[in-house]
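Residues 1 to 765 in the UniProt record's numbering are what the sequence shown spells out, letter by letter. Ideal placement from N, C-alpha and C gives every residue a C-beta, glycine not left out.
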Amino acid sequence: MRDVNIPELLAPVGGWQQLRAAVQNGADAIYMGGPLFNARIKAENFTKEDMERAIEYAHDRNVRVYVTINTLIKDSELRDAFSYVNFLYGAGADAVILQDVGLSRLVRTYLPDMDMHMSTQGTIYNGRGAIWAKQSGFSRIVPARELTLAEIKELTDVCHDEDAGGGGCQIEVFVHGAMCMCYSGQCHMSRAIGGGNGRSGNRGTCAQPCRLPYVDETGRRGYFLSPKDMCTLDILPEICEAGVDSLKIEGRLKSPQYVAVVTGLYRKYLDIYRECGRADVSREDMDRLLAIFNRGGSSSGYMEGNPGAGLLSGESPKNQGVYMGKVVGIKKGSTLVDVELEGRDISKTRTGRQTYACGSEKRISMGDGIEIRGRKVTGNVITYIKEVAGNDIRIGDIKGRVDIGDKVYKVTDRRLLDEAEKSYENDFRRKISVEMSFTAKKDEYPVLKMRTKRYAVSVTGEVKAEPARNKPLDEERVRRQLEKLGATIFRPVSTVIAMDSDIAVPVSEINRMRREAADRLLIERRRAWAGRKALSDERLSGIASGEKLGDESLMEEKGASCRGLYIYRREMAEQTERIGRMAREVAAGREGDVLVCIPLELYMEKKLRRRLEDAVGDSGRTVPYILEVSKGKEDTYIEDNFDNIIEAVKETGIMIGNPQWIEPFRQRGVKMYGAHGLNVYNSQSLRAFEESGVDIRAYSLEAAEYHRGIIPLMTTEHPVSAATLTDRKGAVYDVVEWYSGDKYLILGTDGENAGSGTAFMTYIE
């Protein structure tokens with residue numbers, strides 16, 4: 001066994017069968033959601049009763065349970081959300097995964113022993129953000145998916161270094177599954193498509209607009225925003241070497257079979273890496289991952305650098321299956337189609353159903369799901385298969401139009417699904433190692449001791465060992481009876497027997513002692529997991545009253561004076577007269593100043609700044625703005641010019657769009673304003689940021705009633721190959737390259753401002 005870092009393997013659970021699949025295929029931990037406040041609200045999810053059962057099922061098998069409450073929460077929902085966390089605390093959940101900083105403030109204050117993990121929705125992507133998150137009470141961070149391996153290593157170094165300020169904070173990274181085009185937590189595309197009241201990713205009901213087709217300014221139609229799924233199995237050692245604490249598989253909406261296959265393969269290669277210090281993935285196993293689900297292949301996401309066009313799923317955003325071959329014949333008057341499998345050698349096997357294969361990856365069997373793509377897309381489950389000539393097979397029942405040359409894909413693999421189902425049909429496949437000792441002396445009651453690494457029980461028999469009248473009891477018979485633990489979660493690894501010769505103990509008594517020991521050991525382990533006491537209803541009511549949960553007056557009062565004008569393009573920033581006019585329009589008839597926010601690097605150009613200040617005049621103040629995601633060139637610029645920036649903003653203050661820069665500016669005593677990227681959505685999150693020294697001047701864009709004009713719907717690292725995108729309903733979205741040149745914004749347009757690159761926001765009641 002090598003001395004290497006083996007992170008926790010964290011699997012997705014959307015329902016009870018997925019739970020069994022994850023646990024029985026080797027997950028160290030699982031994450032799951034309840035009926036409310038989670039980002040996969042369409043999953044099966046778990047009622048409170050089911051949640052308690054699920055936690056017990058996982059804990060019995062040494063699997064940790066994290067519960068997602070990873071959405072933004074309204075003031076009117078805070079009481080219920082906190083009450084739910086309190087229930088989870090009492091039920092024994094190991095941690096909650098949170099996005100909302102307001103809810104985390106309540107948990108940190110009133111349930112300090114409840115571990116909190118910062119969701120990837122929190123948009124943390126470097127050590128500065130990790131330090132802020134730790135100071136806010138989080139014990140683990142799920143950083144943005146857009147990090148490279150080198151950036152992940154830098155982040156883990158900070159989080160594992162007490163002197164750096166982030167010590168003790170764990171890092172959990174996504175390694176497999178669906179990816180978002182936008183930085184998580186900063187996507188408002190789904191909600192905006194519904195006219196500002198649509199299904200929102202930040203509220204758990206994302207409609208996945210990134211999977212829809214769009215038309216660019218040249219008339220080209222395509223899936224410009226649909227990423228492939230992530231797969232990092234072949235770079236698993238490098239990820240482990242980066243020092244991460246947990247490997248997360250995405251997929252709470254996926255099938256139990258998907259969870260079983262993916263979890264099982266990552267478990268397999270983590271164990272190989274542990275033993276060998278390397279993990280060379282077989283072609284067959286990579287094909288299994290593709291067969292269970294893929295969107296045009298897979299990518300390692302951003303871990304090995306920005307993949308550019310290689311990020312996209314291509315011609316379809318759905319499961320594209322595995323290419324099998326092409327149509328070479330159509331039997332007239334029937335639903336049978338001849339297919340030439342790719343490759344030369346055809347092997348036939350029979351394992352309960354007929355199969356025709358071309359290597360491990362080109363197997364077609366009865367029960368497989370086939371899709372044929374040409375001018376039309378058709379397909380079906382294979383109910384007929386026969387070899388006809390050479391490399392050709394005849395399959396059916398295929399309905400719909402098919403042409404010679406159409407491509408044939410296998411989209412479901414029946415044999416793979418059957419194997420996956422078998423892996424979790426037995427709830428006792430996953431075992432806990434136990435050591436046993438059995439002592440039996442003549443005329444005394446026998447004693448059985450059973451122990452795990454942490455717990456031990458002792459059972460005394462009810463029947464004394466007597467002198468043998470016929471055949472005496474032998475050690476091998478005792479061992480066989482004691483080790484019959486198949487219908488339990490325990491596996492014997494050591495059985496020590498010390499007994500007098502020529503004695504007899506009824507086999508039924510040995511069996512009873514074994515069953516009692518196993519039952520008592522299980523109870524002992526459960527008692528340790530269930531040692532926490534939830535807050536009483538009376539205490540919850542007192543907290544709700546003291547914190548004024550449900551009272552929206554603070555948000556309304558603050559919102560009435562929050563007004564800002566946001567500039568995203570240099571060419572717009574240089575239109576100073578227009579900006580001045582817009583600032584006066586925003587300020588007219590309202591109290592409070594208008595903050596005219598321009599990118600920090602442009603603000604540092606003194607001539608441009610003075611022109612803007614003159615144009616804005618008494619209508620407001622010009623302040624620099626750090627984007628909701630400043631990773632890359634913008635962060636580098638700030639780091640390289642930090643002292644000069646401090647000098648430039650000491651009078652005006654600075655608008656902060658992400659948590660990464662809160663602590664550095666706070667330490668230098670700079671006035672900080674909070675922008676919409678901080679996702680303030682309730683009074684508790686407003687207070688949490690104010691306690692960090694941030695004067696919130698823009699609520700989350702989820703608070704649709706507080707903004708109008710052009711707004712950033714997506715912030716992405718992907719170089720979108722379009723200037724505008726038009727959706728199926730005719731709505732047009734601008735694609736704007738951020739001034740630093742390493743990020744793209746997709747903006748919702750509005751009337752005369754379309755194409756201007758200006759976000760014109762008013763925050764009023």
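Under the three-state DSSP convention, the category residue i falls into
i    : result
H718 : coil
S365 : strand
D280 : coil
T218 : coil
E538 : helix
S685 : helix
T263 : helix
M572 : helix
K606 : helix
G374 : coil
T488 : coil
H59  : helix
R350 : For R350, the predicted model reports a pLDDT of 32, less than 50, meaning its position is unreliable and no value from the coordinates is stated.
S553 : helix
Y89  : helix
F224 : coil
G748 : strand
G546 : helix
CA nearest to the CA of residue i, picked from the options
i    : options                : result
I432 : R477, T488, R469       : T488
I370 : G730, L111, M324       : M324
R220 : C169, D727, Y744, Q667 : D727
M51  : K386, A588, I41, L19   : L19
E475 : A54, M499, Y455        : M499
S83  : N70, Q99, L103         : L103
E151 : K228, E304, K471       : E304
V623 : L565, G669, H676, P664 : L565
G390 : T412, A91, G329        : G329
A456 : A21, K484, I523        : I523
R211 : I382, D418, N319, M672 : N319
K558 : R525, Y269, D593, V735 : D593
I171 : I6, P227, D392         : I6
Rounded C-alpha distance that separates residue i from residue j
i    : j    : result
R353 : R414 : Low confidence applies to R353: its pLDDT is 40, below 50, so where it sits in the model is not reliable, and the reading given next is rough at best. The straight-line gap from Cα to Cα measures roughly 10 angstroms.
M450 : Y89  : 30 angstroms
Y57  : F428 : 11 angstroms
D3   : A560 : 58 angstroms
I385 : S298 : 30 angstroms
I746 : G321 : 30 angstroms
N38  : V720 : 29 angstroms
A605 : G653 : One point to set straight first is that residue 605 is Glu, not Ala, in the sequence displayed. Each residue's Cα considered, the two are about 16 angstroms apart.
L311 : T724 : 19 angstroms
A54  : I292 : 25 angstroms
K484 : L98  : 43 angstroms
Cβ-Cβ distance between residue i and residue j below 7 angstroms
i           : j    : result
Y223        : T715 : no
S740        : E634 : yes
P12         : R252 : yes
G177        : I249 : yes
R79         : L549 : yes
residue 772 : A95  : Summary: the structure shown does not reach residue 772, with the chain confined to residues 1 through 765, and so no result is reported for it.
A703        : R105 : no
Y266        : P237 : no
G374        : D406 : yes
S700        : H676 : yes
T460        : V478 : no
K362        : E342 : yes
V67         : V173 : no
N45         : G33  : yes
A615        : I579 : yes
R454        : R61  : no
D229        : R288 : no
**Item:** Stretch pair the stretch 258-277 + the stretch 409-427: three plus CB contacts closer than 8 angstroms
**Value:** Output reads yes: the stretch 409-427 touches the stretch 258-277.
**Message:** Three Cβ pairs or more, each shorter than 8 angstroms: is that satisfied between the stretch 122-139 and the stretch 653-665?
**Reply:** The stretch 122-139, when compared against the stretch 653-665, does touch it at the 8 angstroms Cβ threshold.
**Request:** Check whether the stretch 614-621 touches the stretch 580-591, taking contact to mean three or more Cβ pairs, one atom from each stretch, closer than 8 angstroms.
**Result:** Contact between the stretch 614-621 and the stretch 580-591 is present, with at least three C-beta pairs closer than 8 angstroms.
**Request:** Spell out a yes or no on whether the stretch 672-689 and the stretch 70-84 are touching, meaning 3 or more CB-CB pairs, one atom from each, closer than 8 angstroms.
**Result:** Touching, yes, given that three or more Cβ pairs across the two stretches are closer than 8 angstroms.
**Prompt:** Are the stretch 200-209 and the stretch 276-287 in contact at 8 angstroms, needing three or more beta carbon pairs?
**Reply:** Judged by Cβ distances under 8 angstroms, the stretch 200-209 makes no contact with the stretch 276-287, as fewer than three pairs qualify.
**Asked** Can you find at least 3 beta carbon pairs, one from the stretch 433-452 and one from the stretch 514-521, that sit closer than 8 angstroms?
**Response** Yes, since at least three Cβ pairs between the stretch 433-452 and the stretch 514-521 fall closer than 8 angstroms, the two stretches touch.
**Asked** Three or more beta-carbon pairs under 8 angstroms between the stretch 501-510 and the stretch 529-543, yes or no?
**Response** The stretch 501-510, when compared against the stretch 529-543, does not touch it at the 8 angstroms Cβ threshold.
**Asked** Would the stretch 440-450 and the stretch 460-469 be scored as touching if the rule is three or more Cβ pairs under 8 angstroms?
**Response** Because the criterion of three Cβ pairs below 8 angstroms is met, the stretch 440-450 and the stretch 460-469 touch.
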